[in-house]
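See structure below.
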């Protein structure tokens, strides 16, 4: 099964590059505790999924690069070419001269329709190279214009052109402040439109990744490259081959499908967050040992206390004694993070010994789903990306409720003051459309609040 | 990549333009060592093979043959333009890019706008067209002019109108030099206010610059550089310096004009060079202009010079951010810290990472007041190529109500003259100029001031917004 | 029986044993001979044989994964076999009277096994099952499954139970994802088959196929992997040929078995004569009485029906006359035309439904044909007895799909309308229709 990746805008292209780079370096890393045969199959499955092999053996990504200005795409292409391990399909890129100027409406209403045919043609060419198209993986940011506006438009086109394929949108959530001033408008427009056409939204918050870089990775002067590497690591930990059931004899060839099947069957709950453990600098990694019990205990508390990383977890948060405890009010501080569904992915040594009973606790989940429906476990003895043991938790839960509420609140105030609205009406997004967007998002917030 | 065209109008506009081209060449020369005509160069220059046809067809890529500026030079006197044509930059321009007259505008906006406007319209349009056709993706016009004189303010704003009519899709950024209070042109308040109305209505962004502020900055730099207390100042790092440029001997206004030229270079750096967080020109108006008319952006440049020792401690990097918000570094005489921010952009060049940016935003935020609906009104850009002579630099652009006092002062000076009807007849003599032009101009300025005042009034008051939509 | 006959019998029984062994039951020819004399030691073996054969057959027919449970005790196996045979219509009561402990009745079992051989063709099925798969099969199902909306009424019974609607939506979503995965898997298979067919075009000796199958292609690439498979298949086929060749011998022998059964039964019947006769006579008396009664009922009902029909007919005739009086000739003609059209349309519908490959279900071999215009593939089943074009089939299915979608859309719109009507009653409220799954 193969996944076609679409990298959009500056952020999408930069993250996409790091993602492929980490997949490749992981493929070439020592297999750790898995057998040679298993490792070979691991490589085959990964390659099939994200690359096609040229006759000379070079790995070429199944990716389409899109940006409205040329600098980032050309730099990304050349960086990949220099890596020696993999490269992009040079013909599978599209860039223009002039960016979308941070304007979602410009990307969605102008550039999107204008370049739809060419870009969809590039996508089709990649799709035709797949024996089996598993789905599309779109990497974009919410803040800017190209990634968010054009990305949203292309997602709609993909949905129309490939109605049965799976669409996963990797969305980079902007820093709370300081990236783009109109980011809240762009974000709500992106989210509300993606909710209509995408199957699942996998969200990475820049603020949190930034904290991971500074507090866990111990990086002093954090660059976007560092941030993107952490995101790529987390993405890789989901998509690298894994056994999706106890009885499975082979690595799962359809992780995208299985991921969606266990996390986002409900159309009102499509937001996925990601937590992983451990995460540290290479230097401290050399001096650390881990055991599964400890890792999973931390991961569980990170989940229920809504901690974004293993440092600073609030250990006082406990699951409510009664599963149908009174509904938490949104404006109140959310103490306990209720989940719709969780997926744990364990990779590394002695993975068979890990016990995940803590994740099958009914109070962790919404009362209308039993833990058997709501919790899924994948694992593999093969270590991932230098970590002897590592655990990733993909969670469909209330964890995004607060940032979402924040963004909608700020955008609402700005909208009520009519600030910047003229920049959008100029390209055809009128106040009516804004109101509809607000309605959609309030609905999402309400759905997650009333779990 | 996109291209931009510089339209320099009047004496002041051409002098600044001249410094801009000199410094732009210097900057590209320091980045582009191989002498290849690259994308970055393409944004302001054409590569012309002069040996080919007489027309000089563009030699697209490859080795630099002969660079031509994407510029239109307009002046109604010949002095400054002739000087440029005889100076070291003469090869940058050919005669087709020039529009000159001999008689000048006599410090009269009406002469520039109405008389010469009508007279030269065809010529100007043709000239702009030709220059625009030499671009494959024209993004922006940079108009450089002064507000006080006749040609710059009158014809400059006329050109702005022409641009809007002929090239509605292309952005119009205007760098306007405002006269000092003790300006020797007596009609400068009239000219400025009449020009202001045009700027408010037809520009996408205006970067107001005050002569007096430039003078203050130059004095400050000279003082710092000459006392030598801070150690050696690195040569050609002075924001006012010509060093490394083609023209080494400085003229009186060169120091001031270099500052404005640097402003334009930094403004366009992220669009020309690569970086980890690009900031295209169209992002500036998108992020900084919340309401169509409020597009006056105050600017500040730091550092003004770099010390010779190479180590850059974090402290000094942070100082750069602090300076950008101080009164002394603004290019107009205003204090943004004590006024209300609508939005703010930080365009950083050089070896600065996102964490440095974030740290400084967090540090500075408590001291700045932002309008209630835009508490996080920060836009940032990271360009990896530093300016010549520096390891890093910062251009802060702010949409801040601190421009209001400048406008009020202008209005007062205008009213003082207008009450006495002084010099009005000079204007009324010009065809097409009527009394209502003055009243409309002053009411346009007043309503602009009023808009800023209303925003100012919301400062510090808790604003209540309509309740959010409720899902039942 | 001649000496030669007995050696032939041994041969045929050997062949039979070899064939049967392909489904995992080891049998000795001697077992059959012992069964003829109703020796009890072979009983268990026969029950096992029947059990294994039947489970295998059901496995093939319904695709269910009926794994033979080795631990299943004999009693259960016996009742399973009895149930299945009854279902198949095996009528010997002596068989059903066999005890569940498997202590006796080997001859009876031999008889039932032979009946099974004729009735359900287990040997052919086993052969087909153990055949190395061609690998080009795709599953087709055109069984018409019309939406039975009446079933919805049953769901009312669910209302009482508290099921969060979100759970149902969740399950629905899950189903959708499964469908999409299945869709992708099928697409992949077709895509890969197409590649193989295209590359091996013209390689096959059989002109009607002209390309190699998956198995054949793999055979060409890795012949070593298949030696064992082909050898065992060859053995099976040889055994079958031998069996077919000597089958009359077996049946002749079975005649002798039957004869000995009759002899035995006569002895037996003498023994239980009284008891049996009494039972039987009483049973038949009852039956006779029942039949008489039913016959009487039937006659009465048909008389009533006849009368009813006549009455109806005469009233209709009167009505028609009445109508005919009122309706002018022109209208009549119009009506006639309309009715004719209707009938025509209906017959066409029926025809087209008939024309559609009815009850096509199960695996079909996909064959690539280049000649027929575009990349047209035809699908054959079971040694090419029936063939049809995949494009036509997919067109038909697509048609059915659009019809269903339209129906779905209509129902959805209906619900939406209802919702809108309800929401109109609230003021200052925007109604958000539920998210599409």
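Residue numbers (full-length UniProt numbering), protein chains in the order written: chain A, 1 to 451; chain B, 1 to 472; chain C, 1 to 437. Virtual Cβ for every residue (Gly too), placed ideally from N, Cα, C.
Asked                                                                                                                     : Found
Whole-angstrom distance between residue 14 of chain B and residue 68 of chain B, CA atom to CA atom                       : 16 Å
Min CB distance residue 166 of chain A to chain C below 8 Å                                                               : yes
Beta-carbon proximity list for residue 102 of chain C, same chain, < 7 Å, skipping 5 on both sides                        : 43, 44, 47, 74 and 78
Start-to-end residues for the beta strand (DSSP E) that takes in residue 210 of chain B                                   : 205-210
The region 361-376 of chain A / the region 201-219 of chain A touching (three or more Cβ pairs under 8 Å)                 : no
Contacts that residue 266 of chain A makes with chain C (C-beta to C-beta distance below 7 Å)                             : 166, 169, 170 and 173
Test: residue 222 of chain C CB closer than 8 Å to a CB of chain A                                                        : no
Euclidean distance between Cα positions of residue 324 of chain B and residue 47 of chain A                               : 50 Å
Three-pair Cβ contact test at 8 Å for the region 421-433 of chain A versus the region 96-108 of chain A                   : yes
Pairwise C-alpha distance: residue 180 of chain C and residue 402 of chain C                                              : 17 Å
Residues that residue 183 of chain C contacts on chain A, provided the C-beta gap is smaller than 8 Å                     : 164
Residues near residue 418 of chain C in its chain [Cβ-Cβ closer than 6 Å; skip 5 each side]                               : none
Where residue 420 of chain C falls, given that 16 or more other Cβ within 10 Å makes a residue buried                     : exposed
Same chain, Cβ closer than 7 Å to residue 132 of chain A, five either side skipped, listed in chain order                 : 1 and 2
For residue 254 of chain B, the nearest candidate out of B/422, B/1, B/102 and B/21 (CA to CA)                            : B/21
Closest residue to residue 443 of chain C among A/267, A/112 and A/73 (Cα-Cα distance)                                    : No statement about residue 443 of chain C is possible, as the shown extent of chain C runs from 1 to 437 and does not include it.
Cutoff 6 Å; reference residue 448 of chain A; Cβ partners in own chain excluding five residues on either side             : 398 and 401
Test: residue 271 of chain A CB closer than 8 Å to a CB of chain C                                                        : no
According to DSSP, residues forming a beta bridge with residue 9 of chain B                                               : B/74
Residue 197 of chain B beta carbon less than 8 Å from that of residue 441 of chain B                                      : yes
Three-state class that DSSP yields for residue 276 of chain A in the structure shown                                      : strand
Touching by the beta-carbon criterion (3+ pairs, under 8 Å), the region 75-83 of chain A and the region 14-28 of chain A  : yes
Close Cβ partners of residue 439 of chain C (< 7 Å) along its chain, the five nearest in sequence each way excluded       : Since the first and last residues shown for chain C are 1 and 437, residue 439 of chain C lies out of range.
Limits of the alpha helix (DSSP H) - the one that residue 178 of chain C falls within                                     : 165-199
Neighbour flag for residue 177 of chain A against chain B, beta carbons, 8 Å                                              : yes
Range of the contiguous beta strand (DSSP E) that encloses residue 141 of chain C                                         : 137-141
Secondary structure of residue 289 of chain B, DSSP reduced to three states                                               : coil
Amino acids of chain A, ordered along the chain, whose beta-carbon sits closer than 8 Å to that of residue 180 of chain C : 164, 165, 166 and 257
Assigned exposure category for residue 35 of chain A - 16 Cβ within 10 Å defines buried                                   : exposed
Short CB-CB distance (under 8 Å) between residue 177 of chain C and chain A                                               : yes
Boundaries (first-last residue) of the alpha helix (DSSP H) holding residue 262 of chain A                                : 255-263
Cβ distance (whole Å) where residue 99 of chain A is taken to contact residue 8 of chain A below 8 Å                      : 12 Å between Cβ atoms; not a contact.
Through-space distance from residue 3 of chain B to residue 135 of chain B, alpha-carbon basis                            : 6 Å
Segment contact, 8 Å Cβ cut-off, at least three pairs: the region 185-196 of chain B with the region 422-429 of chain B   : yes
Residue environment, residue 426 of chain C, which counts as buried when at least 16 other CB atoms sit within 10 Å       : exposed
Distance between residue 47 of chain B and residue 37 of chain B (C-alpha atoms, nearest Å)                               : 7 Å
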